[in-house]
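Here is the structure we will look at.
Residue numbers (the working numbering): -1 to 204.
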């Protein structure tokens, strides 16, 4: 019996009702529950919200800080990546206590997986591309091309997700939401900005 089925039965709803709440056809839901089809992460998020559990519980995981055994659900190209509660938690203190979940991502090499984390975003400055509560996939690196959306630390303290634009003697942090004006750092002020990661993907909350 799959973890998804156990969880559904534990809350006492039918397959049809679970499918309706999640927004799937009954057949599609049944295929996920029987393990005939692999759910992508956004579908897993919908299920987790519907059943009031974490994604790792859906995948058969144990304690919250233990990555679940993903091998029974996904192929070898998937890795379980830690999800951090905030940008600062992911790149500042980087402690296991700040891991709030794990998520499966298709990453071929172990070396790339070691440099990849996921972060839950707060705020709407990057809306509509990245909304409050969304999860970003981030590769740890200290440089990005101008115009890239990156994770940066301001004064090695404040974690931000912004579009980073480089000028001849300045760095500008831009929001997508026009309500938030760009922040430009010139001359010695540029030293306040430290790029710590490149945003590689966005998973929308439901």
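Positions of the beta carbon are idealized from the N, C-alpha and C atoms, including for glycine.
On a predicted model such as this, the values are computed, not experimentally measured, just so you know.
Exercise for the section: Kindly indicate the opening and closing residues of the alpha helix (DSSP H) around residue 39. Expected result: The residue you call residue 39 lines up with position 41 of the chain shown. 39 to 49 is the extent of the alpha helix (DSSP H) around residue 39.
Practice task
List the whole-angstrom C-beta distance separating residue 111 from residue 133, where the pair is believed to meet the contact cut-off of C-beta under 8 Å.
Solution key: Position 113 of the chain shown holds residue 111. Position 135 of the chain shown holds residue 133. Contact doesn't hold; Cβ gap of about 16 Å is too wide.
Problem - Whether residue 98 touches residue 77 by CB criterion (8 Å) - result: One-based indexing of the chain shown puts residue 98 at position 100. One-based indexing of the chain shown puts residue 77 at position 79. Going by C-beta atoms, residue 98 is not nearer than 8 Å to residue 77.
Exercise for the section: Would you list the one or two residues that DSSP bridges to residue 135? Expected result: For the purposes of this step, residue 135 is taken as residue 137 along the chain shown, with counting starting at 1. Note: residue 135 sits in a beta bridge opposite 116, 199.
Handout entry: residue 121 (DSSP reduced to helix, strand or coil)
Key = Position 123 of the chain shown, counted from the first residue, corresponds to residue 121. It is coil, neither helix nor strand.
Handout entry: Proximity to residue 174 [Cα-Cα], best of 25, 136, 139, 130
Key = Position 176 of the chain shown, counting from 1, holds the residue named residue 174. It is 130.
Handout entry: Length of the line joining the Cα atoms of residue 13 and residue 29
Key = Position 15 of the chain shown, counted from the start, is the residue given in the question as residue 13. Position 31 of the chain shown, counted from the start, is the residue given in the question as residue 29. Answer to the nearest angstrom: the Cα atoms are 11 Å apart.
Handout entry: First through last residue of the alpha helix (DSSP H) which encompasses residue 13
Key = On the chain shown, residue 13 is found 15 positions in, with the first residue counted as 1. Counting along the chain, the alpha helix (DSSP H) containing residue 13 begins and ends at 13 to 20.
Practice task
Pull up the distance between the alpha-carbon of residue 172 and that of residue 155, whole angstroms please.
Solution key: As a working mapping, residue 172 is identified with position 174 in the chain shown. As a working mapping, residue 155 is identified with position 157 in the chain shown. So the alpha carbons of these two residues sit roughly 18 Å apart.
Practice task
Note the first and the last residue of the continuous beta strand (DSSP E) segment covering residue 97.
Solution key: Along the chain shown, read from residue 1 onward, the residue named residue 97 stands at position 99. Unbroken beta strand (DSSP E) run through residue 97: 97 to 104.
Problem - Nearest residue (CA-CA) to residue 138, options 84, 198, 7 - result: Within the chain shown, residue 138 is the residue found at index 140, counting from 1. Of the candidates 84, 198, 7, the one whose C-alpha sits nearest the C-alpha of residue 138 is 198.
Handout entry: Same chain, Cβ closer than 6 Å to residue 188, neighbours up to 5 away in sequence not counted
Key = Mapped onto the chain shown, residue 188 falls at position 190. Answer for residue 188: 169, listed in chain order.
Practice task
Just the C-alpha distance for residue 55 and residue 47, rounded to the nearest angstrom, thanks.
Solution key: The residue you call residue 55 lines up with position 57 of the chain shown. The residue you call residue 47 lines up with position 49 of the chain shown. The straight-line gap from Cα to Cα measures roughly 12 Å.
Problem - For residue 5, three-class secondary structure by DSSP - result: Position 7 of the chain shown, counting from 1, holds the residue named residue 5. Helix at residue 5.
Exercise for the section: Following the continuous alpha helix (DSSP H) through residue 164, name the residue where it begins and the one where it ends. Expected result: Translated into the one-based positions of the chain shown, residue 164 becomes position 166. Note, residue 164: premise wrong, no alpha helix (DSSP H); beta strand (DSSP E) at 156 to 164.
Handout entry: Identified DSSP bridge partners for residue 146
Key = By one-based count along the chain shown, residue 146 stands at place 148. Answer is 162, bridged to residue 146.
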